[in-house]
Amino acid sequence: MIRLSEPKSKEEFREQLFKASYFVIFLFLVLLSRVWFLQIVEGEKWRQFSEANRIKLKEIPAMRGRILDRNQQVIAASRPLFQLQLLRSKAEQPLEILVDQLQKLISIDKSVDDIKRESQKINPHHPYVIKEDLSEDEVAIMLSKQVLFPGLHVEVVPVRDYIDHEINGHLLGYIGEIGKKQLERKKLQEDFFYELGDTLGVSGIEKSFEEILRGVDGARPVVEDVWGRELGVELSSDLLPGFSPRPAQDGKDLVLTIDKDLQNFSQKLIQDKAFSIVALDPRNGDILAMISQPGFHPEDFVNGIDPKLWKTLANDPQKPLFNRSIQGLYPPASTFKAFTALAILEEGVTNPDEKVFCPGYYRIGREVKRCWQHAGHGWMNLVGALKNSCDTYFYEMSLRLGIDKLSHYVEQFGLGHKTGISLSDEAAGLVPDKKWKLRSYNETWVDGETASVAIGQGALQTTPLQMAVAYAALINGGQIIEPRLALRALDQQDQIVQEFDVKPLSTVSISESSLQPVLKGLKAVVNEPGGTGYWFARSNKIDIAGKTGTAQVVGRKSGLKIENHAWFLGYAPIEDPEIVVSVIVEYGGNGSSGAGPIAKKVIEKYFELKDERIF
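Using the working numbering, you'd call the opening residue of the sequence shown number 28 and step up by one each time.
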């Protein structure tokens, strides 16, 4: 504050007054110039600052990578979906009035009560989806009328589109919204980039290859008005120091080992029964087709499955959510005899020429075990026993061998262990022995149980995939190869960014002197009169070898003591095999007629497709 000293005269007072006036005028001019500078020179900058309370970072969602078959046919992809979203904190009208006005412009499936109930469960500052998939016309209408509906806006989000509806959900799996528990688990991972509400793979290939298929969301700053509508204002970089827009990084494409055409063909072969088909390449473990029916469609889960549909699927006695190919545990029946035959030869229990007489039954102490051919097969050597699937021959030889040696030998082929396929919830199966029974039941093993296991019955449990892997090792020189579902990952320019190598896990030592009689027997099963697969699995298009199996299981209805699952394990061509097919049809009768024709058709289709693509 300026203090004026006591004036000594009028002239001095006038002089001091002028000085004070000049000083006040100077301060006013300085203030005026500052206002001019702020309003005129930097006016735009500070106008943007005034909007800063409405600047937010808007997420740019990344597109999930495509899933392609081995021939790069698209199986699943992502597409943009237009949602009508409501931000309740910005809405000015009661929901009843808002919905009533909307229904005059576009179709809305949800009732007012549903919208009110569902939206109230969500934070009012978070968007609630009123309509999931707007048509182009509806998008145009809402954009033109958006000023009339504060709090409503059209948002573009990616949605999973399963283009090939024939391929069921067990293989592909499905995606879903991440929950709180999953989010907490993900936070423990090193490369964490999920937020509540994000989608991720929940099952199948979508889950197993999540890190490849999932992209990384981007972000950009936007300015919104008081009603939450985005304004077309270009922001200066100095308003958001340290931040620069991040473009979204779309997920990588995944090329599978699956042949889509073979998969679709195989899936339609049986209509009225539960079944599994696994086709793989014994040379490298490539899964060419994998079917478990009944199944489900992954698109039913894309936007959250309808509770009624979920209840129907979960309570269906046919278990459509159950992946029979990797979770189904079945006695392998006579398809197992190929491994029993190898074991007895490798352990020196017998030779290929020794014969056993089959009268149609076999006595083990007081127990009488039947051969499936009650009239008996007569004298059988190893090749004949495989060809005719003679139980009596394998009863006799298994008792000479013993359960522990048999179990130890077949476990080398991967039975009783997970195959390592890139799918979750795979079952390990069971190869029983004396220690297992003592540990599980506190009982000693008996010879009758050995005889049952030798023909693929008893406590023995395998999956269709395990049997395919084991047969692949039988014909590829003893190599146990991890089943492979993916060949490579591609970037947006279709450049290879990752390849999935063939993974040999172990090698079973098999002498040629033991292997050749077994292979001869498997060839005879299908190609010689009297073979159990002769009438149903033999092809005039390609040479097929294999083994039938009829698994006896508890009947489904009271009064039915025993029913049969039908098995067939086959491969082709006999020389230098390219495909192994494992088929099981639940309650399908005997393996010859119930599963043999299915495997034959799959094999024939494989070579038909191969010839078409060559020419």
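Think of the CB as a built atom: it goes at the ideal place given N, C-alpha and C, for glycine as much as any other residue. Keep in mind the model is a prediction, meaning the values are calculated, not measured.
(message) Can you tell me whether residue 628 is helix, strand or coil according to DSSP?
(response) helix
(message) Given this structure, state the Cα-to-Cα distance separating residue 422 from residue 557, to the nearest angstrom.
(response) 21 Å
(message) Within 8 Å, do at least three Cβ pairs link the region 491-503 to the region 458-468?
(response) no
(request) Go through the region 91-134 residue by residue and report every complete run of the alpha helix (DSSP H) that reaches 4 residues or more, in order. (result) 122-130
(message) I'd like to know whether the C-beta atoms of residue 499 and residue 307 end up nearer to each other than 8 Å.
(response) Yes.
(message) Judging by CA-CA distance, which residue of 108, 448, 552, 597 is the nearest neighbour of residue 531?
(response) 448
(request) Closer than 8 Å by C-beta to residue 410: which residues in its own chain qualify, once you throw out the five before and the five after it? Chain order, please. (result) 379, 544, 547, 548, 551
(message) Going by DSSP in three states, residue 542 sits in which element: helix, strand or coil?
(response) helix
(request) State the Cα-Cα distance for the pair residue 124 and residue 158, rounded to the nearest angstrom. (result) 16 Å
(message) If I follow the unbroken beta strand (DSSP E) through residue 300, where does it start and stop?
(response) Per DSSP, residue 300 belongs to no beta strand (DSSP E) and is neither H nor E.
(request) Compare the Cα-Cα distances from residue 344 to each of 396, 583, 209 and report the closest residue. (result) 583
(message) With DSSP as the reference, identify every bridge partner of residue 573, one or two as the case may be.
(response) 597
(request) Report the residue ranges of all alpha helix (DSSP H) runs contained in full by the region 284-342; include only those spanning at least 4 residues, in chain order. (result) The region 284-342 contains these whole alpha helix (DSSP H) runs: 287-294, 334-342.
(message) Please classify residue 573 as buried or exposed, where buried requires at least 16 other C-beta atoms within 10 Å of its C-beta.
(response) buried
(message) At the level of alpha carbons, what is the spacing between residue 590 and residue 581?
(response) 6 Å
(message) Which residue marks the beginning of the beta strand (DSSP E) containing residue 185, and which one marks its end?
(response) In the DSSP assignment, residue 185 falls within the beta strand (DSSP E) that extends over 179-188.
(request) For residue 80, count neighbouring C-beta atoms within 10 Å of its own C-beta (all shown protein chains included) and say buried if the count is 16 or more, exposed if not. (result) Confidence at residue 80 is low in this model, with a pLDDT of 49, below 50, so the placement of that residue is unreliable and no value is reported for it.
(request) Please report the residue range of the alpha helix (DSSP H) in which residue 618 lies. (result) 618-621
(message) One question on the structure: do residue 281 and residue 240 come within less than 8 Å of each other, judged by their Cβ atoms?
(response) The answer is yes: Cβ separation under 8 Å.
(request) Identify, in the order they occur along the chain, each residue of the same chain with its Cβ nearer than 7 Å to the Cβ of residue 139, setting aside the five sequence neighbours on each side. (result) 122, 123, 126
(request) On a CA-only basis, which of 141, 86, 340 is nearest residue 273? Give me that one, please. (result) 86
(request) Measure the C-alpha to C-alpha separation of residue 101 and residue 94 and round it to an integer number of angstroms. (result) 6 Å
(request) Would you mind working out which of 88, 150, 134 sits nearest residue 117, comparing C-alpha positions? (result) 150
(request) Taking only the alpha-carbon atoms, compute the straight-line gap between residue 275 and residue 566 and give it to the nearest angstrom. (result) 53 Å
(request) With a 10 Å radius around its C-beta and 16 neighbouring C-beta atoms as the bar for buried, classify residue 529 as buried or exposed. (result) So residue 529 counts as exposed.
(message) Could you check whether the region 505-512 touches the region 366-380, counting it as contact only if at least three pairs of C-beta atoms, one from each stretch, sit closer than 8 Å?
(response) no
(message) Classify residue 176: buried if its beta carbon has 16 or more other beta carbons within 10 angstroms, exposed otherwise.
(response) buried
(message) Quick check on the burial criterion: 16 or more other C-beta atoms within 10 angstroms. Buried or exposed for residue 206?
(response) exposed
(message) Helix, strand or coil, according to DSSP, for residue 79 in the structure here?
(response) At residue 79, the pLDDT of 45 sits below 50, so the modelled position is not reliable; the number obtained from the coordinates is stated separately. Looking at residue 79 - three-state DSSP - the assignment turns out to be helix.
(request) Output the distance between the C-alpha atoms of residue 627 and residue 346, rounded to the nearest integer angstrom. (result) 26 Å
(request) Please go through the same chain and pick out, in chain order, the residues whose beta-carbon is closer than 7 Å to the beta-carbon of residue 90, but skip the five residues on each side of it. (result) 105, 185, 242, 277, 278
(message) Rounded to the nearest angstrom, what separates residue 295 and residue 148 at their Cα positions?
(response) 43 Å
(request) Buried or exposed for residue 351, please, with buried defined as at least 16 other CB atoms from any protein chain shown within 10 angstroms of its CB. (result) buried
(request) Compare the C-alpha of residue 435 against each of 457, 607, 302, 58 and name the closest. (result) Nearest neighbour of residue 435 by Cα position, chosen from 457, 607, 302, 58, turns out to be 457.
(request) Put residue 440 into one of helix, strand or coil per three-state DSSP. (result) coil
(request) Please go through the same chain and pick out, in chain order, the residues whose beta-carbon is closer than 6 Å to the beta-carbon of residue 476, but skip the five residues on each side of it. (result) So the list reads 485, once near-sequence residues are dropped.
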